[in-house]
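Contents: one structure, followed by commentary.
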Amino acid sequence: MRRDARLLGSLAALVAALALASLLTGPADAGLRAGIEALWTGEGPLGIVLREIRAPRTVLAIMVGASLGLSGAALQGYLRNPLAEPGLIGISASAALGAVVAIQAGVSALALGVPFAALGGALGGVALILGLAGRRAGGLGLILGGIAVSALAGALTALVLNLSPNPFAAYDIMFWTMGSLADRSWGHVLTAAPLMLAGWVALARAGRDLDALSLGEEAAASMGVNLARLRLLVVLGAAAAVGAATAVAGAIGFVGLVVPHLLRGAVGAMPSRLLPAAALGGAALVLAADVAVRLILPERDLKLGVMMALVGAPVFLHLIWRTQAGR
Amino acid sequence: MSLSLQDLTVRRDGCPTVDHVTLEVPAGSFVGLIGPNGAGKTTLMQAALGLIPAEGQSDLTALSPARRARRAAWLPQAREIAWPIPVEALVRLGRRADPDRRADAAAVAEAMAALDVTHLASRRATELSGGELARVLIARLLAQRTPLILADEPVAGLDPSHQFAVMELFARFARQGRTVIASIHDLALAARFCHRLVLMDRGRLVADGRPSEVLTPARLEQVFGVSGAFVPTPAGPVFVTLPPPPGSSVPVPPEP
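Order-wise, the sequence lines are chains A and B. Under this note's numbering, the letters of the first sequence match residues 10 to 336, in that order. Under this note's numbering, the letters of the second sequence match residues 342 to 597, in that order.
The structure is reproduced here in structure tokens:
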């Protein structure tokens, strides 16, 4: 639709502008022209900084944000609940458990050991949820399964911390779970990209069925929606995208919850039209937050997840207040 | 299009909620499915569509979901809408099974006009009254343009004039050769508009025929615990439901 094209166009322009800001923000200060020139040629220390440090960080911010926004929108559509978010089905918690075990075991010395361990954890979480929630169960089974998996992964993470003989590992774990995009390499991008892409494709294919599901499972099934297939698409798609995002960036909350909320009105509340908008919106939000952490406390490594929660929670409260007040 | 059910049985926890129902509905009929609460009307229609597992045979269960959606449209009893979708977009959801995109605009406009919801086109579905939402959801059903329509209590919650309009619309579809099966609690409406009534009780099909044949005093008392009669009026005979006759075995509610 024409109105959607305009919305998606302006969101894409916002993402592009924020990506540029992300490339130009950092301790090695560069002007707009010098920065673009260095990025283009890749020459000199500034070229290396831009190409090897800031470019992967920017690309990851876009990928992680898009994954979280898209997964949030798809899960809200599937569960027909505006309070659903990617963390709900337990993927973030089980990915975190994988990472925590890896850090504790000293795998963090290997370049991409932690992300791969986190992916393994996410995979285990998905298997458990699909097993728990059963084949024919609806949204409620999925939510309850997710709560159980989150609780289990959370308990095991706490157990690892509890019994950790190494205070440095415990410190690492604590920082990792806060979520950050600092010091990420192209290796991280390449680790996450294939799974994320697979997740995006699966979620994008679910769009039309999610529209029909707005009328309830029974009506959707009568209109030709294969509910079992839709459920697999959404759960596996969200798990792949969020699992990969958590593996490379740690736990980043609120994006998947707030972004679909903010954009729902602009797309006439239609789930399929919300998906691309939420992906772009998520990318913009994570980029903006990642620029903000570098601007606010450049010396102290303010964590992205902390920043997001600090901004996200008040925004969410405001949204609830507005909805309760009948806008 | 006709619908044929052979020995359809649905068990819940071992108990049959639909018990060996065999039913032939030829094309061009408007069948009213009547019976007390819990008689198995909804379950029968869901099983006929293949939405729930059942023993026995139905024409529709062999079809893939997408092909079935082009042959039969289903109006569930629950009037759900999860998101504040504009009315026109909601009605358009009925078009998803039809690959012909060029027919969409006409089908949507026609369905909305038939249900008198054109003026609500840009309103959000979550802000409508219950009866308005019910009409919008029936419009979604019509937009599917299927030869077979199954509707679960389509007129419940509508005002009298829209009840008449919906029943008249279904009767017209039947005259055009389409087939409509609707569960209805209002026996007067069912008797007035349906060519054929199918009476269910405790999962079984207990009577099937013209309204005057099915709505006999004995059956009414036995199945519904009420009595009733066809009363002659200038507009033809009208069926009225009456309290059970004195001395009947039906339990009387205690005095408050």
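Every residue gets a Cβ at the ideal spot worked out from N, C-alpha and C, and that includes glycine. As the structure is a prediction and not an experimental result, all values here were calculated from the model.
### Query
Looking at the C-beta of A:R336, does it have a partner C-beta in chain B at a distance below 8 Å?
The pLDDT assigned to A:R336 is 47, lower than 50, so where the model puts this residue is not dependable; a value taken from the coordinates is nonetheless given after this. For A:R336, the answer is no, since every Cβ of chain B falls outside 8 Å of its Cβ.
### Task
Ignore the nearest five residues each way along the sequence and tell me which others in A:L59's own chain have a CB closer than 7 Å to its CB.
L32, G44, A47 and L48
### Query
Does DSSP classify A:G122 as helix, strand or coil?
helix
### Task
Answer yes or no: do A:I100 and A:A318 have a C-beta to C-beta separation smaller than 8 Å?
no
### Query
Thinking C-alpha only, which one of A:L151, A:G291, A:A292 and A:A258 is nearest A:A237?
A:L151
### Query
On the premise that A:A70 lies in contact with A:L190, defined as a C-beta separation below 8 Å, what is that separation, rounded to the nearest angstrom?
6 Å
#### Entry: A:A131 versus A:T200 - alpha carbon distance
14 Å
### Query
Considering only residues of the same chain and omitting the five flanking positions on each side of A:L139, which have a CB-CB separation below 7 Å?
V244
#### Entry: Same chain, Cβ closer than 7 Å to A:R217, five either side skipped, listed in chain order
S281
### Task
Tell whether a beta-carbon distance below 8 Å holds between A:G274 and A:G78.
no
### Proximal residues of chain B, C-beta to C-beta of A:R89 below 9 Å
E421, A423 and W424
### Task
Name the residue from B:F371, B:D549 and B:L364 whose alpha carbon lies nearest to the alpha carbon of B:E509.
B:F371
### Query
Should A:R336 go down as buried or exposed, given a rule of 16 or more other Cβ atoms within 10 Å for buried?
In this prediction, A:R336 has a pLDDT of 47, which is less than 50 and means its spatial position is unreliable; nothing more can be read from the coordinates.
### Message
Tell me the rounded alpha-carbon separation between A:E94 and A:F263.
### Response
8 Å
### Task
Report the neighbours of A:P217 on chain B: residues whose CB is nearer than 8 Å to its CB, in chain order.
Pro is not the amino acid found at residue 217 of chain A; the sequence shown has Arg there. Chain B residues near A:R217: R437.
### Query
Going by DSSP, what residues sit across from B:M541 in a beta bridge?
B:L546
### Nearest to B:A523 (by Cα), restricted to the options B:R464, B:P495 and B:I479
B:P495
#### Entry: Ranges of the alpha helix (DSSP H) found wholly within the segment 204-275 of chain A, counting only runs of at least 4
216-222, 226-231, 236-258 and 264-273
### Message
Rounded to whole angstroms, what is the Cα-Cα separation between A:I329 and B:K382?
### Response
41 Å
#### Entry: Through-space distance from B:S399 to B:S343, alpha-carbon basis
11 Å
### Task
Measure the C-alpha to C-alpha separation of A:S103 and A:A127 and round it to an integer number of angstroms.
8 Å
### Query
Unbroken beta strand (DSSP E) runs of length 3 or more, entirely within the segment 431-503 of chain B: which are they?
489-493
### Beta-carbon contacts of B:Q387 that lie in its chain and below 7 Å, excluding the five residues immediately before and after
I393
### Query
Do the CB positions of B:A446 and B:L483 come within less than 8 Å of each other?
no
### Query
What residues in the segment 241-261 of chain A bring their beta carbon closer than 8 Å to a beta carbon of chain B?
none
### Contact the segment 437-444 of chain B vs the segment 218-233 of chain A: 3+ CB pairs below 8 Å
yes
### Message
Using a 10 Å radius around the Cβ and a threshold of 16 neighbouring Cβ atoms, would you call B:E468 buried or exposed?
### Response
exposed
### Per-residue contacts from B:R409 into chain A (C-beta, under 9 Å)
S231 and G233
### Query
When DSSP builds the beta bridges, which residues end up paired with B:L346?
B:L364 and B:S399
### Task
Compile a chain-ordered list of the residues in the segment 474-493 of chain B whose CB is closer than 8 Å to at least one CB of chain A.
L478, R481 and Q485
### Message
Does the CB of A:G290 have a neighbour CB from chain B at under 8 Å?
### Response
no
### Query
the segment 278-311 of chain A: which residues have C-beta closer than 8 Å to a C-beta of chain B, in chain order?
A278, M279 and P280
### Message
I want to verify the contact list: residues of chain A whose CB lies under 9 Å from the CB of B:P316, in sequence order.
### Response
There is simply no residue 316 of chain B to check, as chain B begins at 342 and stops at 597 in what is shown.
### Query
Does the count of Cβ pairs from the segment 545-556 of chain B and the segment 512-522 of chain B closer than 8 Å reach three?
no
### Query
Run through DSSP, which three-state label would A:R336 get?
For A:R336, the pLDDT reaches just 47, beneath the cut-off of 50, and the residue's location in the model is therefore unreliable, although a value from the coordinates is still provided. Reduced to three states, the DSSP call for A:R336 is coil.
#### Entry: Neighbourhood of B:P357 by C-beta distance below 8 Å, restricted to the same chain and skipping five residues each side
T350, V351 and G544
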